[in-house]
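Numbering of the sequence shown is given in the working numbering, commencing with residue 1 and proceeding in unit increments. Reviewing the structure listed below.
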Amino acid sequence: MSNKMQIELTHIKIRDLYNGYEDTAENGVKGFGGKLDIRPQYQREFVYKEKQRNAVIDTVMKGFPLNVMYWVKREDGSFEVLDGQQRTISICQFVKGDFSVDYHYFHNLPDDKKTQILDYKLTVYQCTGSDSEKLEWFKTINIAGEKLTDQELRNAVYAGSWLSDAKRKFSKTGCVASSLGDKYVKGSPIRQELLETTLTWIFPTETDKEGNPHKSIESYMALHQHDEHATKLWSYFESVINWVKNTFPTYRKEMKGLEWGLFYNQFKETDLNPTALESEIKCLMEDDEVSKKSGIYAYILTRDERHLNLRAFTEKDKRTMFERQNGVCPSCSKTFEISEMEADHITPWSQGGKTDLANGQMLCCSCNRIKSDR
Ligand SMILES: [Zn+2]
């Protein structure tokens, strides 16, 4: 393989890590002469407890080793912290004087103690390689400490101008995507869930000839990594939400968290009548036979009854009907054991049939199959 992944063991002095340290809303947290993204902008903040934070400083002051950290090396030579973010921030904040340990701020320490801290060497694995190699590697090492989500891992691999713009729109509390789609899409922007959902919609998973799913989000991100902006993704998201609002103007809480993008992809060209749809939705919402109300929207578009989890006969109902028929299948007139029979709605739900004893019968398995296939 020409693009072989490399993992290099390095030792970084705290003095070099702290050089250029800044923590701003606009740029996130940076260090290492501005070349290291300790926490990229709009990434979620983990809450690091005072005890954990102080333990890191205590370890450094005693000169004991900290666990290995992992940095990702980008194409332009800059880095991103993949594992060790909180420890790195704790060290930088202590040196800056943001907090004290045992009533000592960094600036209260004697000079030799300060020098000892600044000369302390962190063990850092720097990883370079193709994007897919890095992603696999991250998934493997992402075992200790705060778990990164799949999308956070992808963001580490496919960093670039496209991602920065996408994060601005999808990954910030109160971002435009959240303001527009909050009532329809589940998930937290800061945990990258809104971005992830939109990516699964714009580039849905397909299976290859062997039936393996494509890693579609990764393909999309790789394809657009160096685009200047993510306007296409944003326009797509806007179109999805506007289509939902125009097609289903009456809002119900069951609409939150549905796969709207996939519906949009499939039905955006279909001529749908919002008034007719709404009166049908209203009936289905009131229909006791429909157990899964959130499935009504998928049903109304696809006409697949499985989305509705229609009520089924209970074991008790089945026994009553079986005894009532004396074990005889009304369709073929043969006698069966109850285990060889299945419950059937005489009039199906789609024609107004209910799940009650008056509309029920036991059919033998083969007659039931023949009836369902009609
Ligand atoms: Zn039969």
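Beta carbons are placed, not taken as given, at the ideal position from N, Cα and C, and that holds for glycine.
Between residue i and residue j, what straight-line distance do the alpha-carbon atoms span, to the nearest angstrom?
i    : j    : result
I12  : G33  : 12 Å
N21  : G84  : The sequence given here has Tyr at residue 21, not Asn. Rounded to the nearest angstrom, the two C-alpha atoms are 16 Å apart.
L363 : S188 : 49 Å
S350 : L153 : 46 Å
S178 : G352 : 40 Å
K172 : L195 : 10 Å
K49  : Q192 : 23 Å
L223 : S90  : 36 Å
E259 : T200 : 10 Å
D378 : D271 : Nothing about residue 378 can be read from this structure; the chain reaches only from 1 to 374.
K139 : S132 : 11 Å
L262 : S235 : 15 Å
C365 : F313 : 16 Å
K167 : T24  : 16 Å
N309 : L135 : 38 Å
K183 : R369 : 41 Å
D76  : T149 : 25 Å
Relative to the alpha-carbon of residue i, which residue among the options has its alpha-carbon at the smallest distance?
i    : options                   : result
L36  : V68, L66, N242 and A156   : A156
H400 : D58, Y120, Y125 and V72   : Because the chain spans 1 through 374 in this model, residue 400 falls outside it and cannot be assessed.
E218 : E228, P204, T335 and H229 : P204
R311 : R319, D287, S333 and Y299 : D287
L357 : T335, M321 and R369       : M321
I346 : S216, G360, E337 and T24  : G360
T123 : W137, R15 and M69         : M69
F237 : T198, N368, S216 and Y299 : T198
T128 : L148, G160, E80 and D102  : E80
E228 : A159, P348 and N368       : A159
H354 : Y18, E289 and K73         : The residue asked about is misnamed: residue 354 is Lys in this sequence, not His. Taking only the C-alpha atoms, the option nearest K354 is E289.
K318 : L301, E342, S333 and H307 : E342
Three CB pairs or more closer than 8 Å across the stretch 285 to 294 and the stretch 316 to 331: no
Neighbouring residues (CB closer than 5 Å to any heavy atom of ligand 1): C329, S331, C332, C364 and C367
Hey, is the stretch 243 to 250 in contact with the stretch 272 to 285, meaning 3+ C-beta pairs nearer than 8 Å? yes
List in chain order: all unbroken beta strand (DSSP E) runs of 3+ residues lying wholly within the stretch 4 to 75. 6 to 13, 22 to 24, 28 to 31, 36 to 39 and 69 to 73
Where in the stretch 112 to 167 do unbroken runs of the beta strand (DSSP E), each at least 3 residues long, occur, reported from the N-terminal end onward? 121 to 128
Segments of 4+ residues assigned as alpha helix (DSSP H) that fall wholly inside the stretch 225 to 301: 231 to 247, 260 to 267 and 274 to 286
Any chance you could list the alpha helix (DSSP H) runs of at least 4 consecutive residues sitting entirely within the stretch 169 to 200, in chain order? 176 to 181
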